[in-house]
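Just so you know, this note's numbering puts 187 at position 206 of the sequence shown, and the rest follows in order with no gaps.
Cβ atoms here follow ideal geometry from the backbone N, Cα and C, with glycine treated the same way.
Working notes, beginning with the structure itself.
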Amino acid sequence: MAHARPARRRARGVRGSGRSRAAVQGAPGGRMKLLSYDGGFGRVEDGAVVPMGIDLVRFLATGTVQTGAPIPLTSVRLRAPVPRPGKAICVGLNYRDHAEESGQPIPDEPVLFAKFANSVTGPGETLVVPPAVEQPDYEAELGVVIGREAHRVNERTALEHVAGYTCVNDVSARDLQFRSSQWLLGKAIDGFLPMGPWLVTTDEIPDPQTLRIRCEVGGETVQDSSTAQMIFGVAELIAFVTRTISLEPGDVIATGTPPGVGMARTPPRWLRDGDEVTVDIERVGALTNVVRMDAPMGGTG
């Protein structure tokens, strides 16, 4: 299941000069996997990336693309599909059995918190745990990437504002998260929101509530569930958020994690140096990162 880590050779710039304007659904066959890499973004096609421009978010907002000659997928360094989202909104306790294993009541409405652009890292990137964190934990989640501005939308039309879906690991520092009622300190840490490997457009996944979602840590399956188990589905989350917060192209919603997180195990299973962590979501892909415990300032290793 785990994908080989992408080569670190920097991709060359986008080649070709053909320009066009296309909706996200405008690819051949009406379906696309879109990825960002060092130098631009493009669509995945037959083991290659077809360059489409420099900025995926601009494409989502305007539909303008610049096409180029295909580049072998193995020769580019992948980044998160949206390397620096304007907003990364996360949902806590959104699987009933995860709320139960956490000892928390089932929420009556979505529990929201945020991460920053600095939290985002891409597929194959090292997941660096700072010395201040003693209890790093994993959370496999379905990521929703917004494609159209959404403001006070209703649940019936909410999915029309989605560009596509990606894998997210909402890495959490449990020892810091629960120091106060606000989770920010233990959630919005640099590099604690791995995302990727690409964005799969909505025409390939018309119903996001039917996807198997899994997580492996060190070769062991630790989470295995379905997005059908969400308390609040994707459409309901978008409608809830946009009652007060406008969503813009490139914004990301991490929709919550199923049961099996490290803090709920006996004994707890915290991430360790060298752990390979893979989030695998049906019809989306697999996101793999390797953990490195950072040395204190002035330390070695």
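Using a Cβ-Cβ cutoff of less than 7 angstroms, which residues in the same chain neighbour residue i once the five nearest sequence positions on both sides are dropped?
i    : result
S207 : L192, R193, I194
A61  : S17, V101, T102, G103, M176, G177
D151 : C71, E120, E122, L174, A235, T238
R264 : V181, E185, I186, L192
G282 : Residue placement at G282 is poorly supported in this model, since its pLDDT is 46, which falls under 50; the coordinates are not used for a value here.
A154 : V114, Q116, P117, G167, I170
A3   : Low confidence applies here, because A3 scores a pLDDT of 39, under 50, leaving its location unreliable; read the following figure in that light. Hits under 7 angstroms: G44, V46.
M33  : F22, G23, R24, F40, V46, Q47, T48
V92  : V72, G73, L74
E217 : E136
Can you check DSSP and say which residues form a bridge with residue i?
i    : result
Y18  : G21, L59
K96  : A69
L174 : V101
R129 : For R129, which the question treats as bridged, DSSP gives no partner whatsoever.
T269 : T259
Q283 : Residue 283 lies beyond the stretch modelled for the chain, which goes from -18 to 282, so this question has no answer here.
S83  : According to DSSP, which records beta bridges pairwise, S83 is partnered with nothing at all.
L123 : C148
S153 : D118
T107 : V271
T285 : Since the first residue of the chain shown is -18 and the last is 282, residue 285 is not available in this structure.
E136 : Per DSSP, none; premise fails for E136.
V31  : R24
M211 : Y76
Excluding the 5 residues preceding and the 5 following residue i in the sequence, name in chain order all residues of the same chain whose CB lies nearer than 6 angstroms to its CB.
i    : result
W164 : F94, Q158
Q190 : T208, A209, G214
G28  : L54
T223 : A131, H132, R133, V134
I212 : N75, R77
Would you say residue i reaches chain C, if we count a Cβ-Cβ gap shorter than 7 angstroms as a contact?
i   : result
R12 : Although the question refers to chain C, the structure presented lacks it and comprises just one protein chain.
Out of the options, which one is the CA nearest neighbour of residue i?
i    : options                : result
P248 : Q116, F173, I212, L15  : Q116
V114 : Q210, E229, F173       : F173
V215 : G167, V143, T48, V109  : V143
N99  : T202, R65, R246        : R65
N270 : V30, M13, K96, G105    : G105
E201 : T147, T259, L218, A220 : T259
A245 : G145, E81, D188        : E81
L228 : V30, V31, D36, A139    : A139
V242 : D205, L218, T48        : D205
P230 : G145, R250, V149       : G145
G124 : V149, E141, A50        : V149
L37  : T147, L15, S162, F221  : L15
M13  : A267, V233, W179       : W179
W251 : V233, A267, D156       : D156
A220 : H79, E141, P112        : E141
T183 : T147, R160, S162       : T147
S83  : P240, V30, S161        : P240
Note down, in chain order, each residue of its chain lying with its Cβ closer than 8 angstroms to the Cβ of residue i, except the 5 sequence neighbours on either side.
i    : result
R273 : T107, L108, V109, V110, D254, G255
I226 : K68, I70
Every unbroken beta strand (DSSP E) inside the stretch 219 to 252 [3 residues or more]: 233 to 235
Segment contact flag, the stretch 128 to 141 with the stretch 51 to 67, C-beta cutoff 8 angstroms, min 3 pairs: no
Runs of alpha helix (DSSP H) lying entirely within the stretch 33 to 59, each at least 4 residues, in chain order: The qualifying runs are 37 to 43.
Sufficient close CB pairs (3 or more, under 8 angstroms) joining the stretch 48 to 55 to the stretch 71 to 81: Contact check between the stretch 48 to 55 and the stretch 71 to 81: fewer than three CB pairs, one atom from each, fall below 8 angstroms, which does not count as touching.
Any 3 or more C-beta pairs closer than 8 angstroms across the stretch 76 to 90 and the stretch 36 to 43: no
Contact the stretch 241 to 260 vs the stretch 131 to 141: 3+ CB pairs below 8 angstroms: no
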